[in-house]
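First residue of the sequence shown: 68, per our numbering; consecutive thereafter.
Before any comments, here is the structure.
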Amino acid sequence: MTVHIFGIRHHGPGSARSLRAALQQLEPDAVLIEGPPDANDLIPLVAHDEMEPPVSLLLYAPHNTKLAVYYPFAAFSPEYQAMQWAVKNSVHVQFMDLPQKFGFGLRQQQMQAEEEQAAQSENDETQVTVTPVDIDGSEGIAATEPDLAEQVKRDPLGWLGRSAGYDDGERWWEHVIEQRRNDLQEVFDAILEAMAELRVTAGEVTDENEARREAYMRKTIRKAQRDGYQKIAVVCGAWHGPALVEKLPNSTEPNALYKKAGEDNATLKGLPTVKVDATWIPWTYGRLSRDSGYGAGIESPGWYHHLWTTDDDIVIRWLTKVSSLLREEDLDASTAQVIDTVRLVETLTAIRGYALPGLEELNEAIKATITFGADSPMELIHRELIVSDRVGDVPPDTPMVPLQRDLRTTVKELGKGARKKKKTKSTDEIKYFKFDSDETPLNLDLRKDVDLAKSQLLHRLRILNVAWGKPQRGDISGKGTFREDWKLQWGPEFDIRLIEQSVWGNTIPQAAAAYVINQARNAESLPQLTGLVEKVLNADLPQAFDELIAQLKAKAAVASDINNLMDALPPLVYVKYGNVRGFDLTDLEVVIDGLVTRINISLVNACSSMDDDAAAQMYERIVAVHDAILRLQNEQHTADWLTTLKKIAGATTVHGLVSGRAARLLLDVNELSVEDVATLMRLAISTAAEVTDAAAWVEGFLKGSGLILLHDDELFGVLDRWLLSLTEQEFRALLPLLRRTFASFSGPERRQIGERVRRTTPELDDTGQIAPATDTVTGDDFEIDHERAEAVLPVLAKLLGLED
């Protein structure tokens with residue numbers, strides 16, 4: 068009865084290749100793998116024909132999906148190869164790490180303790196003195212450089228690499244282990260001995276979780292021995308190997324790192340547990356890379372995949388991929404350059420004393436001979452080849468909640484007609500539709516049935532807080548267009564959200580509709596409901612739409628807050644105006660009619676006696692409602708609204724910002740003449756008015772556009788004389804407000820206004836004061852350069868076709 072330890076590096080092609088050869092040679096009758104025993108029932112699926120790495124085990128607590136963890140595997144992961152070998156050879160195989168039922172139990176216990184501590188801290192007014200604690204847990208001293216044992220624990224590969232003459236432990240492991248082509252089993256004994264020496268230097272395990280994990284691994288090995296297995300293969304991270312056997316290779320002494328059964332039982336006693344479910348989910352090489360946020364310890368999964376799948380001519384085949392990629396992007400990569408790169412790679416490898424070239428040598432040679440030092444092509448190579456966008460797939464037999472299964476079935480059906488993603492300068496032609504960790508553009512024409520179905524699916528998922536697709540154009544929010552532009556980017560966390568949302572239904576449409584109905588019934592304000600209308604229409608959820616309209620009618624009938632009424636109207640109008648999906652919106656029109664009527668009745672009184680903050684908010688609401696009502700093209704609504712604006716523009720109790728904007732809106736639709744507006748302006752900025760109130764009126768009237776000052780002499784004159792009449796103290800006080808107003812003008816507008824002011828010189832009386840002036844400032848006072856003007860005439864005549 069023997070136990071064979073195979074210490075590996077997670078996701079290493081060299082480790083995986085050596086491990087398969089060692090298993091084939093050993094022919095064990097049991098294989099124990101570092102992994103969660105909660106997922107033992109899922110191991111047989113690795114041999115399924117439709118299982119395509121990269122994939123990941125997802126373990127989660129059904130009652131609390133915040134408790135979730137991923138175990139990603141690639142084709143070159145040693146654990147994955149061990150599982151495949153065992154299943155295909157009918158050998159007993161199981162995971163042996165600490166079960167997540169304990170891990171989640173401990174985490175849940177910790178979360179509860181933190182919540183209780185936070186609650187206690189809020190109620191505790193006693194001052195607490197915190198003693199500084201360094202990284203080793205020592206009290207009273209500041210953190211210092213870690214000692215030798217701590218450094219070994221943090222970076223064991225680094226110590227081995229430096230002892231072998233490498234600056235980086237990762238490069239040492241890659242050259243010694245990952246690039247091995249001879250599949251020798253002896254390498255595992257050497258790894259075990261090396262790690263044993265490092266662990267002796269590092270000392271006792273102080274991390275409680277690591278101690279529990281290794282205790283459970285030893286417990287699993289003992290159980291396999293009691294069950295009668297004679298040759299047990301243990302596949303684990305190299306660091307754990309020395310702690311799992313009673314005697315180390317080439318040693319007659321007991322292993323000091325090994326713990327007895329009684330000690331392990333004491334370590335594992337009393338651990339809390341929670342129910343755990345598990346499933347396989349697709350993964351991506353982008354998620355395997357260290358910079359993705361789902362770090363798995365490797366920076367170059369695409370390169371490792373190349374090492375795993377290539378038996379010979381590794382360098383030449385890699386450079387073939389590189390040159391093909393660059394040529395697809397219209398970048399130079401000639402055969403001569405590739406030949407020069409191969410020679411340079413071989414030279415670098417020989418100079419550095421390596422048996423085989425690594426990725427660093429390849430990148431240096433490519434940058435020197437193909438990209439000529441340019442960074443952009445190297446970034447392309449890194450993204451597309453070194454990391455790669457490879458996406459895995461799982462068999463239909465994989466246990467999933469119905470919502471997950473429905474999504475994958477729907478995507479598969481909708482993706483049948485989509486051509487393979489292709490590099491093209493025209494993103495409009497891309498119809499790529501599959502799960503991918505990279506951002507992928509998707510352009511949809513809603514007049515086509517398949518594109519419409521894709522759009523509805525993406526909108527339904529957004530309702531369920533699964534933001535697989537991100538809108539890239541404002542017209543997605545409903546402005547009467549048949550085009551939608553998206554960017555798709557799938558994240559493994561979305562599977563967790565689908566599991567959370569599965570309580571609402573077994574299919575995406577059912578769940579989205581039920582979720583919206585629940586939100587509608589619990590909505591506390593009209594804007595919350597109107598925001599849901601657009602989502603429901605875009606997602607094509609008629610059953611939810613009927614319920615939503617009923618809730619809208621009920622809420623609108625009793626709503627009294629003018630702000631809520633005004634916030635609710637624009638979204639409903641935009642939905643009606645931009646409806647290209649064939650919905651019957653008769654009931655929605657009834658709601659809109661009621662909102663417009665109630666706004667007109669209440670708005671004038673609501674605009675009285677406001678402070679600056681309230682006026683700024685009302686300014687925005689009036690602009691939005693004005694735009695919405697004009698979009699409706701309803702004569703009665705428009706007439707009533709303009710009447711309301713006239714009352715606001717002429718009221719003396721209304722804040723200047725609001726009354727000024729009302730006057731400008733009326734002028735823009737020709738409901739007030741320039742003379743009428745000039746009269747309102749004189750009243751607003753007269754000497755009887757407070758200077759700040761006058762400035763607020765000017766801001767409300769001019770904000771966003773200064774064209775009116777360029778095209779109307781009378782208004783320009785009124786404003787010009789008011790500014791000149793201000794004292795220096797008043798002008799300095801108003802300068803920030805005026806600057807903010809004029810900053811909202813476009814650059815050309817500001818320049819032309821400045822030129823006009825410069826050309827306009829006020830007349831002074833005998834005392835040096837500004838003389839009374841007429842109400843207009845005309846252009847007749849400006850001297851025209853006729854010679855310069857005539858020089859333009861030939862060109863203008865040619866443009867107008869009047870040369871003859």
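Using N, Cα and C, we set each Cβ at its ideal position, and we do this for glycine too.
With DSSP run on the structure shown, which of helix, strand or coil describes Tyr-127? As a first step, residue 127 is located in the sequence shown; it is residue number 60 there, counting from the start. DSSP places Tyr-127 in strand when its eight states are reduced to three.
So, with DSSP's three-state summary, where would you put Arg-238? Counting from one through the sequence shown, the residue named residue 238 turns up at place 171. Looking at Arg-238 - three-state DSSP - the assignment turns out to be helix.
Spatial neighbours of Glu-182 within its chain, please: C-beta separation below 8 Å, excluding the five flanking residues on both sides. Numbered from its first residue, the sequence shown carries residue 182 at position 115. Excluding positions up to five away in sequence, the list is empty.
Only counting runs of 4 or more residues, tell me where the alpha helix (DSSP H) segments fall wholly within the segment 396-481, in order along the chain. 402-418, 426-436, 442-448, 469-481
Thr-843 to Ala-606 span [Cα, whole Å]: Numbered from its first residue, the sequence shown carries residue 843 at position 776. Numbered from its first residue, the sequence shown carries residue 606 at position 539. With a pLDDT of only 44 at Thr-843, under the threshold of 50, the placement of this residue in the model should not be trusted, and no figure is reported.
Could you check the C-alpha separation between Tyr-686 and Ser-753 for me, to the nearest Å? For this step, residue 686 is matched to residue 619 along the sequence shown. For this step, residue 753 is matched to residue 686 along the sequence shown. Cα to Cα, Tyr-686 sits roughly 22 Å from Ser-753.
Given Ala-97, which residues of its chain have a CB within under 6 Å of its CB, disregarding the five upstream and five downstream residues? Translated into positions along the sequence shown, residue 97 becomes position 30. Answer for Ala-97: His-159, Ala-291, Tyr-296, Ile-299, listed in chain order.
Proximal residues to Ile-669 (C-beta, below 6 Å), its chain only, five neighbours per side dropped: Walking along the sequence shown from the start, residue 669 turns up at place 602. In the sequence under discussion, the amino acid at residue 669 is Ser, which differs from the Ile named in the question. Cβ within range, chain order: Ile-629.
Apply the 10 Å Cβ neighbour rule to Val-389 and answer buried if 16 or more other Cβ atoms are within range, or exposed otherwise. Sequence index remark: in the sequence shown, residue 389 carries index 322 (1-based). Buried.
So, helix, strand or coil for Gln-297, using DSSP? The residue labelled residue 297 in the question sits at position 230 within the sequence shown. Gln-297 falls in the coil class under three-state DSSP.
Delimiting residues of the alpha helix (DSSP H) encompassing Asn-764: Locating residue 764 in the sequence shown gives position 697, counting from the first residue. A small fix is needed here, since residue 764 is Trp in this sequence, not Asn. Counting along the chain, the alpha helix (DSSP H) containing Trp-764 begins and ends at 758-769.
Output the distance between the C-alpha atoms of Ser-318 and Gly-170, rounded to the nearest integer angstrom. Walking along the sequence shown from the start, residue 318 turns up at place 251. Walking along the sequence shown from the start, residue 170 turns up at place 103. In a straight line, the C-alpha of Ser-318 is about 35 Å away from that of Gly-170.
Check for me: the beta strand (DSSP E) holding Asn-510 runs from which residue to which? Position 443 of the sequence shown, counted from the start, is the residue given in the question as residue 510. Element bounds for Asn-510: 507-512.
Thinking Leu-126 and Asp-105 are a contact (beta carbons under 8 Å), I'd like their distance in whole angstroms, please. Mapped onto the sequence shown, residue 126 falls at position 59. Mapped onto the sequence shown, residue 105 falls at position 38. Contact flag correct, Cβ pair sits at about 6 Å.
Can you check which of these residues, Ala-441, Trp-375, Gln-177, Trp-306, is closest to Arg-221 by C-alpha distance? Locating residue 221 in the sequence shown gives position 154, where the first residue counts as 1. Looking at the Cα atoms, Trp-306 is the closest of the given residues.
Measure the alpha-carbon distance for Ser-359 versus Ile-244 and round it to whole angstroms. Position 292 of the sequence shown holds residue 359. Position 177 of the sequence shown holds residue 244. Legend: pLDDT at Ser-359 = 45, less than 50; position of this residue unreliable, value from coordinates given subsequently. In a straight line, the C-alpha of Ser-359 is about 25 Å away from that of Ile-244.
Assigned secondary structure, Ser-356 (DSSP; H/G/I helix, E/B strand, else coil): As a first step, residue 356 must be located in the sequence shown, where it is residue number 289. Strand, per DSSP.
Just curious, the beta strand (DSSP E) that Thr-69 is in, first and last residue? Stepping through the sequence shown from its first residue, residue 69 is reached at position 2. Looking at the DSSP string, the run of the beta strand (DSSP E) that includes Thr-69 is 69-75.
Suppose you measure from the CA of Ser-811 to the CA of Leu-805; what does that come to, to the nearest Å? Position 744 of the sequence shown, counting from 1, holds the residue named residue 811. Position 738 of the sequence shown, counting from 1, holds the residue named residue 805. Computed Cα separation, rounded: 10 Å.
Got a sec? Which residues, its chain only, sit under 8 Å from Lys-501 by beta carbon, not counting five neighbours each side? Taking the sequence shown and counting its residues from 1, the one referred to as residue 501 is at position 434. Once the five neighbours on either side are set aside, the close Cβ partners of Lys-501 are Val-458, Val-478, Gly-482, Ala-485.
Compute the Euclidean distance between the alpha carbons of Ile-584 and Ala-114, then round it to the nearest angstrom. On the sequence shown, residue 584 is found 517 positions in, with the first residue counted as 1. On the sequence shown, residue 114 is found 47 positions in, with the first residue counted as 1. Going from the Cα of Ile-584 to the Cα of Ala-114 covers about 43 Å.
List the endpoints of the continuous beta strand (DSSP E) containing Thr-942. For residue 942 there is no data in the structure shown, the boundaries of the chain being 68 and 871.
Name the two residues that bound the continuous beta strand (DSSP E) containing Ala-97. The sequence position of residue 97 within the sequence shown is 30, counting from 1. Element bounds for Ala-97: 97-100.
Assigned exposure category for Met-118 - 16 Cβ within 10 Å defines buried: Position 51 of the sequence shown, counting from 1, holds the residue named residue 118. Answer is buried; the Cβ neighbour count reaches 16.
Contact set for Thr-196: own chain, Cβ-Cβ below 8 Å, skip 5 residues either direction: Start at 1 with the first residue of the sequence shown, and residue 196 comes out as number 129. Reliability of the predicted coordinates at Thr-196 is poor, the pLDDT of 37 falling under 50, and the value obtained from them is presented with this limitation in mind. Hits under 8 Å: none found.
Could you spell out the range, first to last residue, of the beta strand (DSSP E) harbouring Asp-743? Taking the first residue of the sequence shown as 1, we reach residue 743 at position 676. Here Asp-743 belongs to no beta strand (DSSP E); instead the alpha helix (DSSP H) covers 741-751.
Helix, strand or coil at Val-136 [DSSP, three-state]: In the sequence shown, the residue the question calls residue 136 occupies position 69. Correct three-state label for Val-136: strand.
Assigned exposure category for Lys-492 - 16 Cβ within 10 Å defines buried: Within the sequence shown, the letter at position 425 stands for residue 492. Unreliable placement is indicated for Lys-492, whose pLDDT of 39 sits below 50; no coordinate value is reported for it.
Option in Ala-716, Leu-636, Leu-734, Tyr-283 with minimal Cα separation from Ala-691: Taking the sequence shown and counting its residues from 1, one reaches residue 691 at position 624. The residue with the shortest Cα to Cα distance from Ala-691 is Leu-636.
Report the three-state DSSP secondary structure of Ile-365 (helix, strand or coil). The residue labelled residue 365 in the question sits at position 298 within the sequence shown. In this structure, Ile-365 counts as strand in the three-state DSSP scheme.
Under the three-state reduction of DSSP, which class applies to Gly-773: helix, strand or coil? One-based indexing of the sequence shown puts residue 773 at position 706. Coil.
The segment 416-431 / the segment 75-83 touching (three or more Cβ pairs under 8 Å): no
Relative to the C-alpha of Asp-399, which candidate in Met-445, Gln-703, Ile-383 has its C-alpha closest? Counted from its first residue, the sequence shown places residue 399 at position 332. Residue Met-445 is the option with its Cα nearest to Asp-399.
State buried or exposed for Asn-276, treating a residue as buried only when at least 16 other CB atoms are found within 10 Å of its CB. As a working note, residue 276 is residue 209 in the sequence shown. With fewer than 16 Cβ atoms within 10 Å of its Cβ, Asn-276 is classed as exposed.
When the Cβ atoms of the segment 324-336 are set against those of the segment 264-281, are three or more pairs found closer than 8 Å? yes
Contact check, Leu-99 vs Gln-161 under 8 Å by CB: the rounded distance? In the sequence shown, the residue the question calls residue 99 occupies position 32. In the sequence shown, the residue the question calls residue 161 occupies position 94. Contact flag correct, Cβ pair sits at about 6 Å.
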